[in-house]
Structures are given as structure tokens and as C-alpha cells.
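Novice: Start counting at 1 in the sequence shown, then tack on 8, and there's your number in this note's numbering.
Here you go, one structure.
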Amino acid sequence: MGAAVRAARRRSVRPRLAPWLFIAPWLLGFAVFTAWPVLYSGYLSLTDYDVVNDPNFVGFDNYVRMFEDPKVGLALWNTFVYTVVQVPLYVLVSLALALLLNRAGRGAGWFRTAFLLPKMTPPVAVGVLVLLLLNGQQGALNEFLGWFGIDGPNWTTDSAWVKPGLILMSLWTVGSSVLILLAALRAVPEELYDAAVIDGASGWYRTTRITVPMISPALFFVVVVNTIGAFQTFTEAYTAYFGAGNSTYGNDAALFYVIYLFQQGFEFFHMGYASAMAWLLFLVVAVITAVQLVVSRRLVHYEGDR
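Below, the structure written as C-alpha cells:
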């Protein structure tokens, strides 16, 4: 009797154990390559660590130092301005292209591929393109503007135009967001549009009162993901303005937060200070994402909502 009970228990445990065995490789990788580094960086943020010598515990000195460092404030401000302008523009361009693509006929597949291909371009190459296309004297963009009699600005050297230039270049990679929004558009029931047309609704009314509310979950996802990405902007700006000891184009207008964090950690070997900066960035992004989640309760409409 006892053996039968034990066998029955083993059989009941196996179905519960199987899912954990399947996800065990992911759990192990997450623990080793994500959770542990994050926790260890929290410890390093409380130390003076130069990578070579052992960490020296200094408490919250690194956090106090951040509030006294003017470049931290400058980098945060540059990143905030970039995000506030880039994210809405990125989402609007993505939505416009998705709406156009939704009306495409036989060429829709080709356009989907064409929009997504730039996303495959290495970010370092995009950083080089910034200098080639936006050069104030011989850049392709200024030459194009010259055809219309417009004297283009010095995109790469004028502090007032550095961030606008980087924002324009960021639109190069809207392809993935276009496809996400296109999938959401394809899921909107045609009956809603038919009923609106019968009622005499204009195209603008159908777009703002049917299309946008119906795809609002996808729009919200694109906004959140691109907001987090904008706060982590690094490769393109670093390659164009700070890479390979580039002091010619080095410009404080392009000093984004992650660039300054990278400089502190891997150029000046202030790894403890860089870890504290990383935790500050995590806190800022978490707060902004939380605010977006709260706002979304009024603006985002899910299918199950009544």
C-alpha cells in the first residue's frame, strides 16, 4: 500500500516539475547574466572601485557626488530633451507609415521588408552615417536642402542642431514599430469602418475615433519601449561624437546619460560611480514607466474593457 502511494505521488509531481525543467536553462541564464550583475552593481555603487583594485566601501558617497557633478545634470537634461522630442516623432512617423502600408496592395510585402531592413543596420554604421549625411559643408542632407535654396545648418558642430540631427537619424529605424502597428491595424474589424461610413463619418473622424482607440494597446507598447530605448541612447551618438578618442566633434550637446556613464566606467575606470549612475537611470526610467502605466488607464482601450 505504501509503495503504491509513493508511486502515485511521484506521478503527480512529474507534471508539475516538467515546466520548471523546460525553463531551467533560461532561469539559470537570467540568474547568472542578469540578476547577479544587477545586484552586484548595486553593491559596487556603494564602493570606490577602479576595476584593478578591490572595491573600497564608501557608502552613499557616489550618490552624493552625482548631485554635485554638473555633467550628470547636463547628461540627464540632454537625454530628457532628446526623449521628449524623439519618442512622439518616432511614434507619429511609425503610425503614418503603418497607415499607408495598410492601404498598400500587391507591394505590401516588399514595403514591409524595405521598412525593416534599416533596423538590421549596425548602430555603429548609423553613427558614421550621421557624420556623412549631416556634415555641414559636404553632407548629403545640406546638399539636398541647397537644391531648394535653403542653407542647411552645421548639424554636427552647432550645439543647437546636434540633437535634432540625431533625432532625424533615429527615424531610420522605425521599421519594427511600423510592423507592430500594422499588425494592430490589420486586427481592427472592418465592420466598424463600414458602420462609420454609413453614418457619414469623415476619414479623420474614423482615424481618431476608431483606428487610434482600437490600436491604443500597440501604440502604448511602442511608446513605452521607445521611451526606455531613448533614455538608453548610446551607440550612434557615441560613434559620431565621442568614439575612438574623437575630440574634433566632441560636443556637450551630444553627451547623453549613458555616454557619460560609459566614460566614467570604461574610460576613467570609476566603476563604482558608474554603477551608481546606472541605478539612478534605472530609477528614472522606472518612475517614467510607472507614470505612463497610470496615464494608460484612461487612454488605452483593451478589447475586454467595457
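Idealized CB from N, CA, C, for every residue including glycine.
(1) When the Cα atoms are used, what is the spatial distance from T243 to G273?
(2) When the Cα of Y57 is compared with those of H278, P96 and K171, which residue comes out closest?
(3) Helix, strand or coil, according to DSSP, for T241 in the structure here?
(4) Hey, would you say L288 sits closer than 8 Å to M128, going by beta carbons?
(5) With distances taken from CA atoms, which of L25, F30, G81 and L97 is nearest T235?
(6) Contact between the segment 208-225 and the segment 120-136 is defined here as three or more beta-carbon pairs at a separation below 8 Å; is this criterion met?
(7) Quick one: what's got a C-beta closer than 6 Å to F123's C-beta in the same chain, skipping five residues either side?
(8) Distance check for G117 and N70, CA to CA, integer angstroms please.
(9) For D56, write down the residues that DSSP places opposite it in a beta bridge.
(10) In its own chain, which residues sit with a C-beta less than 7 Å from the C-beta of L82, not counting the 5 before and 5 after it?
(11) How many angstroms separate the CA atom of L142 from the CA atom of G160?
(12) Assign Y268 to one of three DSSP states: helix, strand, or coil.
(13) The alpha helix (DSSP H) that contains F88, what's its start and end?
(14) Could you check where the alpha helix (DSSP H) with D1 kicks off and where it finishes?
(15) Y257 by DSSP, collapsed to three states: which one?
(16) Ignore the nearest five residues each way along the sequence and tell me which others in A282's own chain have a CB closer than 6 Å to its CB.
(17) Enumerate in chain order the residues of its own chain whose CB-to-CB distance from Q94 is below 6 Å, with the five nearest sequence positions on each side excluded.
(18) Please return the same chain residues whose Cβ sits closer than 7 Å to the Cβ of F65, not counting the five positions on each side in sequence.
(19) Please work out which residues of its chain come closer than 6 Å, Cβ to Cβ, to V138, disregarding the five sequence neighbours upstream and downstream, and give them in chain order.
(20) Buried or exposed, going by whether 16 or more other CB atoms sit within 10 Å of the CB of A298?
(21) Counting only the same chain and skipping the five closest in sequence on each side, list residues whose C-beta sits under 6 Å from that of P197.
(22) Use the C-beta contact count for L105: other C-beta atoms within 10 angstroms, 16 or more gives buried, fewer gives exposed.
(23) What's the C-alpha gap between I223 and E151?
(24) With 16 other CB atoms within 10 Å as the buried threshold, where does T241 fall?
(25) Within its chain, find whatever has a CB closer than 7 Å to the CB of P126; leave out the 5 residues flanking it on each side and keep chain order.
Specialist: Answer, in terms of the structure:
(1) 16 Å
(2) Nearest Cα to Y57 within the set H278, P96 and K171: H278.
(3) coil
(4) no
(5) L97
(6) no
(7) Excluding five sequence positions before and after F123, the CB atoms of its chain that fall closer than 6 Å to its own CB belong to G183 and V186, given in chain order.
(8) 52 Å
(9) N64
(10) D260 and L263
(11) 9 Å
(12) helix
(13) P78 to N110
(14) Shown here, the chain extends from 9 to 314; a query on residue 1 therefore has no answer.
(15) Confidence at Y257 is low in this model, with a pLDDT of 44, below 50, so its placement is unreliable and the value that follows should be read with caution. Reduced to three states, the DSSP call for Y257 is coil.
(16) L269, Q272 and G273
(17) I175, S178 and A238
(18) L54 and T55
(19) M177 and A248
(20) exposed
(21) none
(22) buried
(23) 39 Å
(24) Label assigned to T241: buried.
(25) Taking P126 as the centre and dropping the five residues before and after it, the same chain places the C-beta of W180, T181 and G183 closer than 7 Å to its C-beta, in chain order.
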